[in-house]
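**Q** Its first residue numbered 915, the sequence shown is counted upward by one per residue in our numbering.
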Amino acid sequence: MSGSQIEFRTGRVSSREVFSEARTLMSGHFWIMVGICFLGILIGGVAPMGVLMGPMMCGIFMCWFAIMRNEKPTFSLLFEGFDVFMESLVAMLIQLGISMLTMILSFVVMAVGGAALVAVAGAGGGQPGGNAGAAMGLLTIGIFLFYGLIIGVSILVGTLFAFTWPLIVDYRLSGLEAVKLSARAAWANLGNVFRLMILNAVVAGVAAVFCYLPLFLVLPIVFGSQAVLYRRIFPAVVSPGPVGEYWEEPQPDLGGGGYQLDGGVADQGSADWAKDDNWE
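Right, here's the structure in full:
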């Protein structure tokens, strides 16, 4: 199936509801998912250039989709991510290439801007009547702006690639098709994806403060929240049998801040995130 034939929904989703949903789904599979995520990240980090990280990420999402079908996640299911090795490898290389390109451009901006600020600082401090303190303050502001640019670019790249792995697993798309569709869907749901990324980053950051050990306990929920958000934007194809119908209909709005989607198709209209910027 081509990525252009796959429709996706737009509409506001509460990041807190998504995170809570993932935690609830994981309640009966907590320790097995901790082990699966730990092993997946460990294996994914063995090879250079993220060669094995793509298949492991696909395997982790396979486990989460199994949970959504009321099935048990297993370590063998994790290694089924190698069934889409080439697709995930292409997607990973594209992501690495874009990340490296944006980093190079950011460093070029830093070099040019830094040279200009140093020249201004030198002129301000060396000339009679020059204000050296103001010049150094300007240089400091420039450094902070550069790091802000790096963080912003990294978040944007991560946002656009948010649905790549589940799309490869769900639709068996090629790496390039999955990247393009992920970018299109993430841009149409930018508010939803961005809010969830910030929430997950805060949770992971707090966990990492405590010697990184708690981080491995929250990572499965972080991945699960991404899977839940993906399934809300890309609803599962309803099968005729009893298996796989967990996501047949959107869950009703329980007053938790707009978890219900409107059923719109992103390709047919503008993104709703620009209309409602409430953080939740």
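For each residue, glycine too, the CB sits at the ideal point set by N, CA and C.
I need the DSSP call for T1078, collapsed to helix, strand or coil.
**A** If you number the sequence shown from 1, residue 1078 lands on position 164. Note: T1078 maps to helix in three-state DSSP.
**Q** Are the CB atoms of L939 and M982 within a distance shorter than 8 Å?
**A** Your numbering for residue 982 matches position 68 in the sequence shown. Your numbering for residue 939 matches position 25 in the sequence shown. In this structure, L939 lies closer than 8 Å to M982 by Cβ.
**Q** Counting pairs of beta carbons, one from the region 1114-1123 and one from the region 951-960, are three or more of them closer than 8 Å?
**A** As far as the Cβ criterion goes, the region 1114-1123 does not touch the region 951-960, which means the pair count is below three.
**Q** Taking the alpha carbon of F993 as the point to measure from, which residue in H943, V1083, A1092 and P1149 has its own alpha carbon closest?
**A** To locate residue 993, count along the sequence shown from 1; it is residue 79. The residue with the shortest Cα to Cα distance from F993 is V1083.
**Q** Could you tell me the distance, in whole angstroms, from the CA atom of S990 to the CA atom of V1022?
**A** As a first step, residue 990 must be located in the sequence shown, where it is residue number 76. As a first step, residue 1022 must be located in the sequence shown, where it is residue number 108. So the alpha carbons of these two residues sit roughly 45 Å apart.
**Q** Could you tell me which of Y1144, V1132, G954 and M1000 sits nearest to F944, measuring between CA atoms?
**A** Your numbering for residue 944 matches position 30 in the sequence shown. Nearest of Y1144, V1132, G954 and M1000 to F944, Cα basis: V1132.
**Q** With a 10 Å radius around its C-beta and 16 neighbouring C-beta atoms as the bar for buried, classify M1000 as buried or exposed.
**A** Position 86 of the sequence shown, counting from 1, holds the residue named residue 1000. Exposed, since its Cβ has fewer than 16 Cβ neighbours within 10 Å.
**Q** Around the C-beta of F1124, are 16 or more other C-beta atoms found within 10 angstroms, so that it is buried, or is it exposed?
**A** Taking the sequence shown and counting its residues from 1, one reaches residue 1124 at position 210. F1124 comes out exposed.
**Q** Measuring only the C-alpha atoms, how far is S918 from R1098?
**A** Residue mapping note: residue 918 aligns to position 4 of the sequence shown, counting from 1. Residue mapping note: residue 1098 aligns to position 184 of the sequence shown, counting from 1. Cα to Cα, the separation comes out at about 10 Å.
**Q** Pop quiz: V932 and V1142 are said to be a contact at Cβ under 8 Å. What is the actual Cβ separation, rounded to whole angstroms?
**A** Mapped onto the sequence shown, residue 932 falls at position 18. Mapped onto the sequence shown, residue 1142 falls at position 228. Yes, they are in contact, since the Cβ atoms of V932 and V1142 sit about 5 Å apart, within 8 Å.
**Q** Under the rule that 16 or more other beta-carbon atoms within 10 Å means buried, what is G872, buried or exposed?
**A** Past the boundaries of the shown model lies residue 872; the chain is included only from 915 to 1194, so the question cannot be answered.
**Q** Are the CB atoms of V1004 and R1086 within a distance shorter than 8 Å?
**A** What you label residue 1086 is simply residue 172 of the sequence shown in a count that begins at 1. What you label residue 1004 is simply residue 90 of the sequence shown in a count that begins at 1. No. Outside cutoff.
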